[in-house]
Every structure is written in structure tokens, then in C-alpha cells.
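As C-alpha cells, the structure follows; a few thoughts come after it.
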Amino acid sequence: MSKMAEAKFQSQATFSGSMNQGLQMGQNMGTMNTTFAISEGATVYMGGSSAVNAEDTFLDALIAGDASIGVQIEPPEPGTCLWILPELRTWQAGAPNHPLWISGSPGCGKSVISSFILRERQSWAPPKEGKDGKLIVAGSFCDRHPNRQTPIWIMRTLLYEIFRLNRDLIDTKDPEFWQESGNPEHPILNPDAFESMESLAKLLGRITAHVDVSEVYLLVDGQYQQTQDALGLCDMVNQVSNYGSGGVSQPRWIFCTRPNGLDRLMQNVQTIDLFEKNREDIRIVTRSRVKHFQMLNPGLTESFFDEVVEILTRRAEGMFLWLSLALKSLGDGMIWEINLVKEKLQSMPYDVQAIYGTIFESIDKKMQTLLRWAYVAGRPLKVNEILVMWALQDGAKSIEEIKQRSLRPEIVRSSLESGLKALLALHHDSSIHLAHPSVKDFIRQLYNNSSERQVQERISICETHKQMAESCLAYLSLEEIRELEAPEPPVDANGMIDREKREKEIERYLGNYHFLEYSITFLGFHLRESENTGVHVDIHGRDEFFGGKTNALQHWVRGYDLLLTYLPDKLLSDTGGTSSLSLLFISARLNLTSLAEHFISTGSALTSLVNLPGMQMLAGGASSFAMVRQQVINLPDMKGWRALHVAADSEAENVVAWLLENGAAVDSETVGIIRPGRTALHFAASKSSDTAVRIVRELLKMGANPGIPTRFGGNTPLHYAVQSGSVEIMTSLLHHKSKYKPVDPNIPNYSGVTALHKAAAVPGLEDAVDVLLQNGANPEQASSLDKVAVARGVKDVKVASTLKAVASMKTAALWKSATDTLRGVATNQTALHIAVRSKGTEETVKKILERYITNKKMVESRDSNGYTPLHAAVDGIGSFTYIKLLLESKKVDVNSQDNDGRTPLMLYIQRLGQPQQLPSLGDPATLRETLDDLLVAGSALDIKDKDGKSAIDHASQAGLAWAVDKLNATLPASNRPKGDLSPGLPPQTQSSQGVTGKVTSLAGKRLNMFSKKS
């Protein structure tokens, strides 16, 4: 895993989602709780150094640049786990909608049995007769990776495993995951889709329904032990089921977890109790291990051997973890005499936690500290990082002293592979992990081991965070570190942050400074957690570091921006943030209320304002002091942002609340060049995390105007909520009651785009569309510019340049420029026009059509070209799906004519005559089926356009002999042209002038005369 990937992947736990560019994965839909187990609202890392093509980029994004599964899983002992195969075959032969749940306590071998199931997939899931295609079996070992225990990460891991072995299934043209770029060979990933459970569920649904896939089996191995964890799994399975192929093609699920009531929450679950089933495996493993001892001690008799095996098997009670610890204890230099063995085993507690306690007490203080650090760290620590932290604790004051005082890495590795092996595991990349989920339980109990359990836990954990915060501060304050120059983000010709160059710059910057990335990334996290008790904690080095515009602070701000603010493939102007070194703004970045309070309470902070002209008179009483505090809080930085804007953009929930309590102007707007005219509510509404939802509600409660437009773009918070995809934020805005007018979903921005227009253009936002329609959004309302690219955020460079000119143009000049730029581009489109012109928005089209059906209204809207939504569907991407949906609704006029007199049928035939258009229309069978659909719906053949041409004329002119035959065959016999039209004649000789009549009823039947390929 590259340093950049590691920084991005792990950093989200610390900064309250300050990089949240709208999950930034933004299609939360109100169902996604977190992106990582340790962080709400984190933006996913979108690629690492390994990505060399579109497929690699996609895989890299799915797994956030880290393809490891955490701690490696030992293979099973030969002869064990075989009992699961007949159980799997029985389950596999049963109903496809019955999940399998393998339930087991910690330490009974769940992950080993899971890896065995994946390895032996051909033994229990052979291809079924009559089913062609690939058999896919994929697994997610979230137990083994601390950051992959949430449903969305389980889904991403499963998809990664599927695509890693089946790269041909990756669709690099899927509009839900890819955005157009200037270079068709290098499309840009859409980060929002990777954090949307709906988008991922749809993707899995497309895999299971793929023509080249026969069956899909998905295994989830995890530590889920609480009911809420099981609820998350149930929700994930239900969402996948919703996007299956009508229930015909559904993946089959296997769960291997701790007892959590999964069988009560999911229907038709087949359960295997691993605790009961693995007793014989325990005996096999015990015999193998004791046989090894016997080989080392030839004097051990067979009867002695059998007796020890029996004792261990009985006492293990199905727990491999206990057996492993017991065997390790027996092997630590004891004399092999049966009574001593019995005594040793008798004194060994049944409880695994007690065994951990014995091991913990036997290791030195340095290793005990390491165990605590591993528990609270923002991400798995590396061996070199541990060595730096120990050297800093020992008083090292320079990089050279750190090198001199550091232990050799081999010493740490030796400790981890011997005495600490039961508690900590060393991964192949030198990262240190807890050896087993039960170790986490042990450390939690360790912190609780006091008469005042809850207080002791918080203080002890806070003390550990304090140690790590002090290490970060000490490292960042080293002279060599604080003098480093953090590079500016590399920008390409379009103003976008260049991904590859950025990564190279970061790798060069981090160099051999082993603790630099961690200290920059997680300083705020450890400072915040060290104060979790609400009691001020004296952290060595904090006041000096934040005490002024020091080199160390300036370097940290620049490094923080490089690693965490300037994201790849984003416009530099859209990265936001602040360069201010004011503690108030830094606290807004880090969600540190103590730092904000410290700043606002110091004499220097207030004196600077009190000494301003006109303010000295206010310095007299308590009320004046409060006014001065309020003025300080509302001062903008050099970019025109206030602390409240930075806090909302960084999702710093605690600081947002603190600022509002201390007089921050809730509706203050940004000024200057970077995103001017936005309020804190705009920033918060543009996020998609649970934290963002709470911030939005807090801002509304404190009086924020829910309908305020931005100064130049005219976008309301509702527009930004659609951009984030958060249904909860949209609902909060639409339902909020205040002194202001209720939020009107039909208010357009200055480009004429409403929230519904934006939502209709983006795949996966059908729930957002539904909420808007339920709250009064008008599906008939047309936008002004109505280019789909406008609603998507403008990918068309020409259109984008026009819209960006809004800020500097007078109205007359603006609309002249817009008219010139968009000449030939349809305007006045409704949400339905936009949706049918997009790709992947079938569910949105259904939602809008349901509204027409419910209201018993016909779809009569037309754009500036006279196109109805049916015309737009015919002229759009993937048109056959949308045409079918529109026709089946019976709410469209199939014979409506555009400004040129063309019916949808004529327009469709014209597209068929353009070879370059055929790939977007579908395969030959689909082309014929779509023509059938239009004819069955009642398309008239006697209508002529402004040039006097009928549909048959257009087909003849295009040389579509099969279409001419098809159209003629649907006419009454008396109206058919005399003589046969030879497909071999040139198009101009195939005249069909004078043809009249309407299509006769086909009684819902398809004509098969054109089943052969043209």
C-alpha cells in the first residue's frame, strides 16, 4: 500500500470528514451509516500507485488502495473442516433465498472455516446442469481488517474480490461509476458511487444477472456480535435483493459471525453451530501438535500422548484459541511429566481473557504500551513508526537522535513473533494489528479494570491518546521536520489536481520521515480523544506548537492540506479550506473545541480586536467582553471564510455547536474568490454523512435560512443536498418550520435548474427524486438551460465556461452568450426529459412516471425542440429501456410531433440510419423489439413531417430495408404499396410516397419475421 493510499485510507477517522467531497461518495440515501467502522462521513481514497489502466483504477478505488485482508489466516490442519462440505452441499441444493449462518464464539475457528469454504468452492458448489456461465464465490474478511467492518465496506470488498478474478465484468462505461473526461481513453471515476450502498447493490445485481454468470456466492466473515450489527447485514442483503433481476438472479449469502441473532432477523436462515461442530477438528489439531512435542521428547509414551490429547480436547470445548494458548504454555520449557502437565492445565483458566491477562503481565512496560497504542491508533502502526515514538519518549530531540536511540526493527519483530504473538500480529507490510478480535475485548476490559469502571476506562484511554498526541507534537516540532517544505498540489491544464503527480509529490515529501504522515494526519484525532472526559489535559508541547505562527504550525497546515484537503481529480478552486494559522480556524479543521476556547479566552486574541478604532469603548463590562468574543468569532480569513464555514465544510460537529453557542452568525456568507456567497448550511448540506445530517439540523435549529441561495450560482441548500444524495438532509430542509418561507423544491438556481432537475440526471438518486416529488416538486417544470451536463455539474467545457461567466456578466450579455453557446441544444426540459437522456436512471424515470399515473395526467411537456420525453428517450443513450418504460406507462402521446414535424417513430428510424448511433441503441434484436414497441403502442404511419416524409420514407431513404418491410407489414393490405421493395435496390429507388393508414392492432403479439440478423 503506498504512503499516499495509506494516508488517505486511514485519515478519515480523525478529522470529522474534512475531505468529505460528497461519499463525497454522496449517495447516502439515508441508509448508509458510516464508511469506515471508525469514522462517519469519510471520503474514500480514489486510487493508489498501482492503477495503470481503467480496470486497475476501478479495483484500486473499490478497496481504497489496500488489497490486504489484514492479519493473514493460517490454513486449516490437514483433515479438518471437511465436515462443512456436506453441510454446504445440502444448503446449496436448497432454496436460493435461504442464507447460511455459521455461528461461533470468538476463537472457535470462524475465519479458518471461512477461508476453507472459499478454497474448496469447487467441492461444494459445482456448476449446475443446464446453467452456463461463471461460478463466482467471493469473501470478505472484515474481522481481519479494522476498517472494513461496516456494510458498505463489506460490499466493496466483495465486489473487489469478484472483479479481481473476473476483470471482464468491469464496465468502464457505467455512468454511475464513471464520468466523462476530455480523453475518452481515460474516464474519471465518480467517487460518490463508491460510498452509496444503492449504487454498489445495483452493480452487484448487474453481475448476478450477467449473461456470462451462472451463480454468485458471497461469504461474509466478521465479528458482528451486536443486534445492530446484524441489522446492518440484513439491510445490506435487502438492498441487494431489491436490485436483483426480479428475484431470478440473486446472490447466495454465507455469514460466519459471532452469535448476534441473525437467524431471528433474516428469514429462512439455515444455521450451523460451529462451537458444536468443530469438536472433532479440535481433536485432530491437538493430536498433531502434541505429536510434535512427542517427537521433541522421545521419552513420551503413547499412553501419555493419548491422555494429554484427551485432557486438551475436553478442556478446549471447541475453542481453538484456548487450545493454541494452552499448547504454547505447555511448550514453554516445562518438564514433560503427566502430573505436571495436568497441574499446568488445571491451573490454566478456561477464560481466554484471563490467559491474555497472564501474558500481558509477563511482558515489559514498553510492550504493554505498544499494545495500548495499537488499540487506540487511527490506523495500524508500522514498526518504524513505533521505533520513532519510543525514541521520542526517551527524549530524542532530532532526527539523528531518533536514529541513534531507536531499537533495531528486528528486535520488535522478534518480540511480536514470540512473546506478543498471542496479542499482536505483524503483517507482511510491517504494520501491527491486534492478533484477534478478542484481544480488543481484552484491552477494553483492561481499561475497565477499576472500581470506577467507566471513569477509569475513559481516563486510561485518554492517557494513551495523550501519549500519542505528544509524540505527534514532538515529531512535528523537530527542527528538521518543521523546516520541511510541503509542496503545492500539482494542477493540470484544466485546473484539476493531477492524481499521479500529486502522489509522486507526496512520496517525495514524506521520504524517509517515518512518522511524518501519521503525525500530520492523526494529531487532531489524538488531541480530541485525549480530552474526551471534558477535563482539561496538560499535553506537553501543545501550547508551544499552537502558541503562534510558528514554523512547525505553518508546516503542519501545509502538510495537512496536501495530504487531506487537496484531493485528486478535483478542481483546485473547489478544495476549499483555509490557510489561516488562527487557532480558531485550526480548531474548526480538527473539531477541537478546547483549542477554540483557548484561543478566544487568551488576552492576545481579544486585545487585537479591542484596540481597533471604535472598539475600545466596548471593553468595559461583561456584556462588552461577550460582544468582543462574538466579533472575533465572526472575523473572516484572507480567503473570506469564517470559522463556521470551515467547521461546516470539515464536518467538525463539536466546533459548529461551540461557534453557534458563542455568537457565530449562522447565515454569514463567504466572500472573496473561492466559492463566494455560501453559508454554513450550504457546506453542511453538500455532505452525505450522519455527522453532516446532525450539523444541518443544528444549523436549522439555530435559525439558519433553509432556502437561501448562493450569491452567484443561486443554488439553495436543497440543491447541495441533492448533490450529496442525502435523503435525510433533503427531508430536514423540506420539513423545517421557521420564520422563513418553507423550502420550495421548485425554486431554480440561476441556470434554471431545480433540485429535481439535478436529481433526475444522476444515477442512483431515485429516492431523492421520490422525496422531492412527495414534497411538491413539479415534474412539469422546465429548466432554462436544461443541458443534462448542467444538472450533472457541467462536464461540457463549452457549457461550463458559459455558466462560470454568470458571476461577471450582465444579464443581457449572459443570455446572449448562453444562447450562442447552447444553439442547437434542447432547452426547457423537464426532469423526465433529463432522466431519459441520462444513463442508469431507469428507477428515476419510474418514480416520475408513477407521479403522472397517480395524478391521472398525461406527459405533455415539450422542450425547445418540440421534443416530448418520448422524443428525448429515442434521441438519448440506452434509449430502448426508457422507450419501453414510457410506452408501458400509457401516459405519452406516441404520435406527438416535434418542431420539424417528426414523431418519435420517425426520429427513431432516423437514428437507425446513422451507423455511429447503433451501439448506443442496442443489439439488432433490441432494435427490432423497440420498433415493435413503438408500433404496438399505436405509432401512425400516415403522419408526415415538414418535408412531407413519413416514417416509411425515412426508413427507405436510410436504406433500412428490414424496417421498411416491417412498417409495410403492419399496414392494412389495402394500404400497402404495390410490388415488393427489394432490399438490394438503392434507397432512393424505394419510394413509398402516398402511403397512408395507421398500424393495425397486433393484440400484444410480436412479429417474428425479422428475427434473423440484418
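Under UniProt numbering, the first residue of the sequence shown is numbered 1, with each subsequent residue one higher.
A virtual CB, placed ideally from N, CA and C, is assigned to each residue, including glycine.
Since the structure is predicted, the reported quantities are computational estimates derived from the model, not experimental observations.
Straight-line Cα distance separating residue j from residue i
| i | j | result |
| --- | --- | --- |
| A201 | E843 | 14 Å |
| A958 | Y160 | 45 Å |
| M236 | V388 | 41 Å |
| residue 1021 | S689 | Coverage of the chain is limited to positions 1 through 1014, which leaves residue 1021 absent and any answer about it impossible. |
| T827 | E483 | 55 Å |
| S347 | S329 | 11 Å |
| T670 | G876 | 39 Å |
| A391 | D498 | 37 Å |
| T881 | A873 | 9 Å |
| E480 | I402 | 12 Å |
| I600 | A684 | 24 Å |
| S608 | Q179 | Note that S608 scores 45 on pLDDT, short of 50, meaning its location in the model is unreliable and no value can be drawn from it. |
| L407 | A354 | 30 Å |
| T930 | I883 | 7 Å |
| C108 | R121 | 22 Å |
| H645 | T679 | 7 Å |
| I363 | S415 | 10 Å |
| D637 | Q554 | 15 Å |
| Q784 | R862 | Here the sequence assigns Ser to residue 784, which means Gln is not the residue at that position. Whole-angstrom Cα-Cα distance: 13 Å. |
| W373 | R89 | 44 Å |
Residue j beta carbon less than 9 Å from that of residue i
| i | j | result |
| --- | --- | --- |
| A761 | L772 | no |
| G222 | I154 | yes |
| I747 | T716 | yes |
| P745 | N775 | yes |
| S431 | K382 | yes |
| T848 | L832 | As written in the sequence, residue 848 is Ile, which differs from the Thr given in the question. Yes, these two residues count as a Cβ contact at 9 Å. |
| R258 | K110 | yes |
| A422 | L325 | yes |
| G703 | K739 | yes |
| A955 | L967 | yes |
| A693 | S668 | The sequence as given places Val at residue 693; Ala does not occur at that position. In this structure, S668 does not lie closer than 9 Å to V693 by Cβ. |
| L218 | I170 | no |
| V936 | K891 | no |
| S864 | R911 | no |
Cβ neighbour criterion (16 or more within 10 Å) applied to residue i
| i | result |
| --- | --- |
| I411 | exposed |
| G672 | exposed |
| S103 | buried |
| M197 | buried |
| S974 | Reliability fails at S974, whose pLDDT of 48 lies under 50, so the model's placement of it is uncertain and the value that follows must be treated cautiously. Burial call: exposed. |
| P191 | buried |
| A51 | Note that A51 scores a pLDDT of 45, beneath 50, so its modelled location is shaky and nothing firm can be said. |
| G495 | exposed |
| S519 | buried |
| S303 | exposed |
| L165 | exposed |
| G318 | buried |
Nearest neighbour of residue i, chosen from the options [CA to CA]
| i | options | result |
| --- | --- | --- |
| D538 | R508, A486 and H598 | H598 |
| G840 | S103, I102 and A193 | A193 |
| L887 | T868, W101 and K701 | T868 |
| V491 | Y566, F522 and R528 | Y566 |
| I284 | R314, P298 and C256 | R314 |
| I729 | R252, S249 and L699 | L699 |
| P924 | A963, T903 and W556 | A963 |
| L195 | R675, S726 and A469 | For clarity, residue 195 is Glu in the given sequence; the question names Leu instead. Taking only the C-alpha atoms, the option nearest E195 is S726. |
| E488 | V557, A777, D441 and V646 | V557 |
| G714 | G752, L885 and R119 | G752 |
| S241 | N97, T691 and R119 | N97 |
Closer than 9 Å to chain B by CB, residue i
| i | result |
| --- | --- |
| Y375 | Absent here is chain B; the protein component of the structure consists of one chain. |
Residue i CB to nearest heavy atom of the ligand GTP below 8 Å
| i | result |
| --- | --- |
| P380 | By its list of ligands, the structure shown contains no ligand whatsoever, and the ligand GTP lies outside what it can speak to. |
What are the complete alpha helix (DSSP H) segments, minimum 4 residues, inside the region 900 to 955? Correct list: 904 to 912, 918 to 921 and 924 to 936.
Going along the chain, which unbroken runs of the alpha helix (DSSP H) with 4 or more residues stay wholly within the region 705 to 759? For the region 705 to 759, the continuous alpha helix (DSSP H) assignments of 4+ residues that do not extend past its boundaries occur at 717 to 724 and 727 to 735, in sequence order.
Give, in chain order, every unbroken run of the beta strand (DSSP E) that is at least 3 residues long and sits entirely within the region 279 to 326. None, since the region 279 to 326 contains no complete beta strand (DSSP E) of that length.
What are the start and end residues of each continuous alpha helix (DSSP H) run of 4 or more residues lying completely inside the UniProt domain "Nephrocystin 3-like N-terminal" (79 to 222), in chain order? Correct list: 84 to 92, 110 to 119, 121 to 124, 151 to 165 and 197 to 208.
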